[in-house]
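Notes for the one structure printed next.
Structural data, given as structure tokens:
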């Protein structure tokens with residue numbers, strides 16, 4: 016799954032954002048579990064990308080709810 020960009024986050028409605036957030040959090044948990052067992056990561060920067068995607072989505076959700 017590709018990491019979501021700011022423009023894409025802005026275009027999604029809140030329900031889709033929550034759904035995508037759950038998917039990305041699950042993917043992050045899998046990546047962390049993979050590295051916790053001592054396996055070499057396929058893409059070392061993936062965890063960072065996922066964390067930033069989660070932050071983008073949460074920021075957009077918060078922004079919409081405060082308006």
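Numbering (my numbering), first residue to last: 16 to 82. Think of the CB as a built atom: it goes at the ideal place given N, C-alpha and C, for glycine as much as any other residue. Since we're looking at a predicted model, the values are computed, not measured.
Can you check which of these residues, the options, is closest to residue i by C-alpha distance?
i: residue 37; options: 66, 59, 79; result: 66
i: residue 42; options: 52, 23, 62, 29; result: 62
On the criterion of 16 or more Cβ atoms from any shown chain inside 10 Å, does residue i qualify as buried, or is it exposed?
i: residue 68; result: buried
i: residue 71; result: buried
i: residue 73; result: exposed
i: residue 52; result: exposed
Beta-carbon within less than 7 Å of residue i's beta-carbon, same chain only, minus the 5 sequence neighbours each way: which residues are those?
i: residue 64; result: 18
i: residue 58; result: none
i: residue 76; result: 29, 32
Leaving out five residues on either side along the sequence, give the residues of the same chain with a beta carbon under 6 Å from the beta carbon of residue i.
i: residue 55; result: none
i: residue 50; result: 56
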